[in-house]
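Protein chains in written order, with the numbering used here: chain X, -16 to 334; chain E, -16 to 334. Every residue, glycine too, gets a C-beta built ideally from N, C-alpha and C. Keep in mind the model is a prediction, meaning the values are calculated, not measured.
Number of protein chains: 2
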Amino acid sequence: MHRNKTTLKSIAADLGITHTSVSNAFNNPAKVSSKLQKKILDYAKSINYHGPNPAARSLRTGLCGAIGIIYNDQLSYAFSDPHDIAFLRGVATVCEERGTNIVLIPLKNNDLNNFESLDAMVDGYILNAPYKSNPTTQRALAKGLPTVVVDFDAPLHISVLTNDASVMREMTDHIISLGHRKIGIITFPLTEGSHDLFTLDRKLETDNYVVNQRMIGCREAISGKGIKLNSILVRETINSRNGGAEAARHLLELQPDITAFICFSDRLAYGVMAECQRLGLDVPGRVSVTGFDDLSPPDMNSTLPALTTIRQDAYAKGRKAAEALLNKDEKQSRRINIEATLIKRDSTATK
Amino acid sequence: MHRNKTTLKSIAADLGITHTSVSNAFNNPAKVSSKLQKKILDYAKSINYHGPNPAARSLRTGLCGAIGIIYNDQLSYAFSDPHDIAFLRGVATVCEERGTNIVLIPLKNNDLNNFESLDAMVDGYILNAPYKSNPTTQRALAKGLPTVVVDFDAPLHISVLTNDASVMREMTDHIISLGHRKIGIITFPLTEGSHDLFTLDRKLETDNYVVNQRMIGCREAISGKGIKLNSILVRETINSRNGGAEAARHLLELQPDITAFICFSDRLAYGVMAECQRLGLDVPGRVSVTGFDDLSPPDMNSTLPALTTIRQDAYAKGRKAAEALLNKDEKQSRRINIEATLIKRDSTATK
DNA sequence: AATGCTTTGTTTAACGTTAAACTTACCTAT
DNA sequence: ATAGGTAAGTTTAACGTTAAACAAAGCATT
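Structure follows, in structure tokens:
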């Protein structure tokens, strides 16, 4: 007994051997006779030693067996979003297979000198954080650790993406083919915190890849069909049911003859449908509504029609992201595509 | 430039000062003139230094600004359980307020020498792991770090508990007051992996506190009502819809005149109701069913009756657990109670 | 003008581990 | 019998940081 703290060194001293052998007993059994290893491990267990100190090991090896997940939103918000949860489940499944820990890194507000943040002990990051110019996002990218980005265009990194543009074109084609001409688009913010109103012809400057791609899809479908881009209103709002409801109300005030709402998330769409219901506008009789994500309805007793939407496999996204991050070999930047598909249900109908 | 790696030391060398001052510029501004601090931070930023290495800091200070969450189940399973997710949201909310990272620690299978596991860098644990004798649980407790246990009786630690016994007594009273005498109880395993059949008089040896308490509640309510404890069948099964369905089928084979199922989770209850429906037994006309947790129905188009169940506030549990762990002052072991309440709905009726 | 306090910065040591280079002993093959 | 190889263990140094003790200078108080 030399100190009150048990370490490799103290064990070695107790046993009259060198601490390296103790280390090897844990990490490098081949370098120690099995007899000695047993002796060491038995003794370690008997004095309630729990294995080499992770911080010290990490300092020495530069590795720590954990990956960090970064969101733009509050963590508590992520855990109310079925999409984010499914994503996390995908990540967790892979990490479980490999014995990797997952570090959830909350956004820190007390970022006094721009340095406090983001000091997690991780070997790499998964950025599920769609706003490119977000400071935390930027800082994570700047760190230079292996990083996989999701729904985010970062040419120098591995990115997991969905065919947002093409599937949104398909969705818009579906709406147009049903005869709709007066269409309102409801999206979450193009840049963090923005909530503007504009028309589809506007040149977009957004740092949200997903919004950008979906907007492109809409535009491609609409242009050339005899519909003017500048007649299509686009409303930004926060990604929630209330946001959707409010946006729908606003758009209907401006253009009472709108017959279809294309929403960039199911949450928004459910808000829109609820608002239409409240206003006495039948869905899909009077107004068609579409979503994105394919989540379950928020309310178990919902009387809303089944939502026409786009399914994206968030679980698969999580899996792919984690696999890409943990597979040593694939260092190169590359794009991993997870196919999203249009699902026609009962919230859309002919005009 | 001394090495290719940027460290406090290399910055100090570049600036011709001592590395302690650089450290102080980040952690201890009072110990450095504001002029020098600015100089250091500016320089650090200019060469893309991201703050002191967390592993080294952690090694030196013994702290790391993160807490670990341990489940008995697979993580991926936790992320499909609304109860666990709400719990996690509660934990995350608190951690967000305090800037603490959350480490999700998967159960490791490759536990070769009983030492590999559980080497996360954390300052404390939240054990959301109800089986006391689970090896990972034991190991976490043995580590001696600050630990909060949930749904788990550990007199030496802070525990977050629900009034399982009393609320279950209330539920059973409710069932009996409706006239039911032939009752089947369906529970998840008393010990990890067990799946027995027994009667309510059996002396229980379980290492799952929650099951134990709920069983006590049932027994208290039943005894003295002229119902023999050894006439009440208890069936263990895995906590899933299928488990519930299978258990119900089994119990009905043994006792076709059962008129009420008391289930220890909503998952089980939904499975039971579905099975009854399949067997042509009306719920609640022919059979009453009760749950525990108050989750939404699994299926959006469910034709099942609204479940009589017990609501427990998993979010509050998470909050309380995290607060108790992070509040320095409250070192003492103590019990934190989160009240659960009986919610009568449509799945129970008079016999 | 001497005393003591504060501010600012420095030196030194230690946190617990693992990688690399080194020693010794033992075994095998010629 | 000797060289060469392997096995088992040891010594040394380093990972990047922070805490503590220390030194020097500046300032106010008497």
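Flagged as an interface residue toward chain X: Pro37/E, by a C-beta distance shorter than 8 Å. Residue pairing by DSSP places Asp249/X opposite no residue, since no beta bridge is assigned to it. When C-beta distances to chain E are compared with 9 Å, the residues of the region 116 to 130 of chain X below that value are Arg122, Ala125, Lys126, Gly127, in chain order.
When beta bridges are read from the DSSP output, Asn320/X appears opposite Leu144/X. Taking 8 Å as the cut-off, the beta carbon of Lys334/X is found no closer than this to the beta carbon of Thr291/X. In the displayed model, Asp(-3)/X falls within a helix according to three-state DSSP.
Under the three-state reduction of DSSP, Ile168/X is assigned to strand. Cβ atoms of Ala49/X and Val86/X come within 8 Å of each other, at about 5 Å. By the neighbour-count criterion, in which 16 or more other beta carbons inside 10 Å mark a residue as buried, Ala243/X falls on the buried side. Counting only Cβ-Cβ distances below 7 Å, Asp67/E has no contacts in chain X at all, with the closest Cβ about 10 Å away. Among the residues facing chain E, Ala137/X is not included, as its CB has no counterpart in that chain under 8 Å away. Ranked by Cα distance from Ala231/E, the options Leu212/E, Ala304/E, His66/E, Gln260/E are led by Gln260/E. At a cut-off of 8 Å between beta carbons, Ala(-4)/E makes no contact with chain X. Collapsing the DSSP output to three states places Tyr298/E in a helix.
The C-alpha of Val150/X is placed about 21 Å away from the C-alpha of Val132/X. Counting C-beta pairs with one atom in each stretch, the region 153 to 160 of chain X and the region 176 to 185 of chain X have fewer than three that are closer than 8 Å, which means they do not touch. The CB of Gln57/X comes closer than 7 Å to the CB of Glu79 in chain E, given here in chain order. 8 Å or more divides the Cβ of Ala13/E from the Cβ of Asn55/E.
The beta carbon of Met154/X does not come within 8 Å of any beta carbon belonging to chain E, so the residue lies off that interface. Only residues of its own chain outside the window of five on either side were considered, and among them Asp277, Ala323, Thr324, Ile326 have a CB closer than 7 Å to the CB of Arg294/X, listed in chain order.
Residue state for Arg224/X is assigned as helix, using DSSP reduced to three classes. What Leu309/X touches in chain E, judged by beta-carbon distance under 7 Å, is nothing: the nearest beta carbon there is about 13 Å away. Taking 8 Å as the upper bound for CB-CB distance, Thr119/E and Ile53/E are in contact here, some 6 Å apart.
Inter-residue distance for Leu287/X and Ser330/X is about 8 Å (C-alpha atoms, whole angstroms). The beta carbon of Gly107/X is closer than 7 Å to those of Ile50, Leu128, Pro129, Thr130, Leu308 in its chain, skipping five residues each way along the sequence. No Cβ-Cβ contact shorter than 8 Å links Gln196/X with Leu216/X. Apart from the 5 residues on each side of it in sequence, Thr(-11)/X sits with its Cβ closer than 7 Å to the Cβ of Ile30, Tyr32 in its chain, given in chain order.
The secondary-structure analysis by DSSP pairs Tyr192/E with nothing; it has no beta-bridge partner. Put simply, of Ile88/E, Asn84/E, Ile205/E, Ser63/E the residue whose alpha carbon is nearest the alpha carbon of Leu101/X is Asn84/E. Selection Phe171/E, Leu90/E, Gly45/E, Ser4/E evaluated against Ser223/E yields Phe171/E as nearest (Cα-Cα).
For Val5/X, the enclosing alpha helix (DSSP H) has its first and last residue at 2 to 10. Residue contact with chain E for Val86/X: present (Cβ-Cβ distance below 8 Å to some residue of chain E).
Rounded to whole angstroms, Asn117/E and Asp240/E show a C-alpha spacing of 38 Å. Nearest to Ile166/X by C-alpha distance, out of Gly(-1)/X, Leu235/X, Ala305/X, Ala69/X, is Leu235/X.
Taking the beta carbon of Arg72/E as reference, the chain X residues within 7 Å of it are Ser59, Phe62, Ser63, listed in sequence order.
Those residues of the region 2 to 35 of chain E placed with their C-beta closer than 9 Å to a C-beta in chain X are Ala8, Phe9, Pro12, Gln20, Leu24, Ala27, Lys28, Asn31, Tyr32, His33, Gly34, Pro35, ordered along the chain.
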